Amino acid sequence: MAKIDTSIEVNASREQVFEALTDLDLLPVWSTITVETHGTPRKPIEEGDTFVQTLRVLGRNLESTWGVTQLQRPQRVSYSSEAPGGGMLRMVQTVEEADGGSRVVVELDYELPGGLVGELFDSAYAERRNERELEHSLHNLKELIEARASR
Numbered sequence: 006m007a008k009i010d011t012s013i014e015v016n017a018s019r020e021q022v023f024e025a026l027t028d029l030d031l032l033p034v035w036s037t038i039t040v041e042t043h044g045t046p047r048k049p050i051e052e053g054d055t056f057v058q059t060l061r062v063l064g065r066n067l068e069s070t071w072g073v074t075q076l077q078r079p080q081r082v083s084y085s086s087e088a089p090g091g092g093m094l095r096m097v098q099t100v101e102e103a104d105g106g107s108r109v110v111v112e113l114d115y116e117l118p119g120g121l122v123g124e125l126f127d128s129a130y131a132e133r134r135n136e137r138e139l140e141h142s143l144h145n146l147k148e149l150i151e152a153r154a155s156r
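One point on numbering: in the numbering used here, the residue at position 84 of the sequence shown is 89, and numbering is uninterrupted.
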């Protein structure tokens with residue numbers, strides 16, 4: 006199982022950040038590995054809601070059904086998912102107040118489906134790539150939120 010912990014500071018209020026972070030319709034806009042989402046719940050999301058995310062991982066599309074396992078608005082949301090073929094993902098996103106803005110902290114635990122890593126890349130490469138993708142996604146989220154906040 007792999008684990009990624011990363012964070013980014015955003016020049017916007019915690020409420021603005023949390024609203025964008027949990028708007029599942031925006032996920033394909035800022036998440037570099039998200040092809041699309043469907044079956045998204047009403048807004049705002051609630052604990053127990055589910056949705057399907059099509060992920061582009063190591064050159065392949067994988068559909069993953071996510072569940073909102075914990076929600077403490079506007080500071081914390083947790084998701085979990087099991088992908089076909091044995092993959093597993095658990096993600097906690099926390100929004101903290103930080104120097105007049107906010108800090109988004111993401112903790113991701115995951116296990117790719119068994120054959121996928123062996124077929125395409127070694128697991129160390131996959132872990133480094135996934136970490137870069139998450140960091141790039143958070144940078145995209147920051148730009149999106151800051152552009153909206155400056156209007």
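All C-beta atoms in this analysis are idealised placements derived from N, C-alpha and C, irrespective of residue type, glycine included. None of the values given here were measured: they were computed from a predicted structure.
If you follow the beta strand (DSSP E) that residue i is in, where does it begin and where does it stop?
i: Leu67; result: 65-77
i: Asp104; result: Asp104 -> no beta strand (DSSP E), and no H or E assigned at all.
Go ahead and pull the three-state DSSP assignment for residue i.
i: Glu124; result: The predicted model places Glu124 with a pLDDT of 48, which falls under 50 and marks its position as unreliable; any figure quoted below should be read in that light. Three-state DSSP puts Glu124 in a helix.
i: Ser155; result: coil
Beta carbon of residue i, beta carbon of residue j: below 7 Å?
i: Trp71; j: Gln80; result: no
i: Lys5; j: Val15; result: Only positions 6 to 156 of the chain appear in the structure, and residue 5 is not among them; the question remains open.
i: Glu112; j: Val97; result: yes
i: Glu138; j: Ile38; result: yes
i: Arg95; j: Asp114; result: yes
i: Ala154; j: Ala17; result: yes
i: Ala22; j: Glu52; result: One point to set straight first is that residue 22 is Val, not Ala, in the sequence displayed. No, the pair does not count as a contact, with Cβ atoms beyond the cut-off.
i: Ser107; j: Arg19; result: yes
i: Leu76; j: Leu67; result: no
i: Leu31; j: Thr42; result: no
i: Thr45; j: Leu26; result: no
i: Glu116; j: Gly90; result: no
The ligand GTP and residue i: does the residue's C-beta get closer than 6 Å to at least one heavy atom of that ligand?
i: Leu76; result: In the structure shown, the ligand GTP is absent, as is every other ligand, since no ligand is present at all.
Item checked: Runs of beta strand (DSSP E) wholly within the stretch 11-68 (minimum 3 residues, chain order) -> 39-43, 55-62
Checklist line | contact_flag[the stretch 11-26, the stretch 83-94] where n(CB pairs < 8 Å) is 3 or more | finding: no
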